[in-house]
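Take 7 as the starting number for the sequence shown in the numbering used here and just add one per residue. Glycine residues also receive a C-beta, built at the ideal position from the N, C-alpha and C atoms. Values in this document were obtained by computation on a predicted structure and should not be read as measured data. Presented below is the structure to which this report refers.
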Amino acid sequence: KEQVIKGLLATNEVEVPKALIASEVDVLRQQAMQRFGQNVNPKQLPELPASLFEEQAKDRVKVGLLLGEIIKTNSLKVDEAKVQELIDNVASAYEDPAEVVAYYKGNKELMQSMRNVALEEQAIEVVLAAAKVTEQAAAFDEIMNPKAAN
């Protein structure tokens, strides 16, 4: 999945509206604040500068636009069986999977999130089906530690 997304970003130049980047920066900033200050009053945390998140936000917006276009072009619809599979996969990590499944089914936001993930995966499958895949020999160390190989 990550390689497909990197490939999409590398091969498609997308004009990204500044408003979408700013909105995504806000989302990323909020997520960071939640991670950093789980037991701290958010008002006590300093405002994180937008520059910390701009590149990641730009890439996330690009990916969203590209996947959205793939979904539209291929008239993809959410595969509810795939949604159920994703929920079952998450639920299997819990002591009472049936309770987790019921919780997801009763929460519209969580269900929509899972539908979005399923649709994204379907779009990536379309890209993979159309992609030219080339195998490349690599040493074990290169695969396990790619940053050190460069």
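Hey, residue i and residue j are a contact pair by Cβ (cut 8 angstroms); roughly how many whole angstroms apart?
i   : j    : result
K88 : A136 : With 8 angstroms as the limit, K88 and A136 do not qualify as a contact, their Cβ atoms being about 19 angstroms apart.
Just the Cα atoms here: how many angstroms apart are residue i and residue j?
i    : j    : result
K138 : E131 : 13 angstroms
L15  : V67  : 11 angstroms
V133 : V22  : 21 angstroms
K239 : S98  : Absent from the structure is residue 239, since the part of the chain shown begins at 7 and ends at 156.
Q118 : A108 : 15 angstroms
P152 : K7   : 17 angstroms
E148 : Q9   : 16 angstroms
Q142 : M150 : 15 angstroms
K24  : Q37  : 20 angstroms
T17  : K111 : 38 angstroms
A144 : K12  : 19 angstroms
D65  : M39  : 20 angstroms
K114 : T140 : 41 angstroms
L116 : R41  : 20 angstroms
Starting from the C-beta of residue i, find all residues in its chain whose C-beta is less than 7 angstroms away, skip the five residues before and the five after it, and write them out in chain order.
i    : result
E53  : none
V31  : A56, F59, E60 and A63
Y100 : V106
L73  : E126 and A129
V96  : V106
N85  : Correcting the residue identity first, residue 85 is Asp in this sequence and not Asn. Excluding residues within five positions, the ones whose Cβ falls inside 7 angstroms are A124 and Q128.
Where does residue i fall in DSSP's three states?
i    : result
S29  : helix
K114 : helix
K153 : helix
P23  : coil
N122 : helix
D85  : coil
P55  : coil
When you compare each of the options to residue i by their alpha carbons, which one comes out closest?
i   : options                 : result
E91 : Q37, T17, R121 and F146 : R121
Tell me which residues share the same chain as residue i and place their Cβ nearer than 8 angstroms to its Cβ, disregarding the 5 neighbours each side in the sequence.
i   : result
P20 : Going by the sequence as given, residue 20 is Val instead of Pro. Around V20: K68, L71 and L72.
L82 : I76, L125, Q128, A129 and V132
D94 : P103 and V107
Please list, in chain order, all residues of the same chain as residue i whose beta carbon is under 6 angstroms from its beta carbon, the five residues on each side excluded.
i    : result
P103 : A97
N80  : V132
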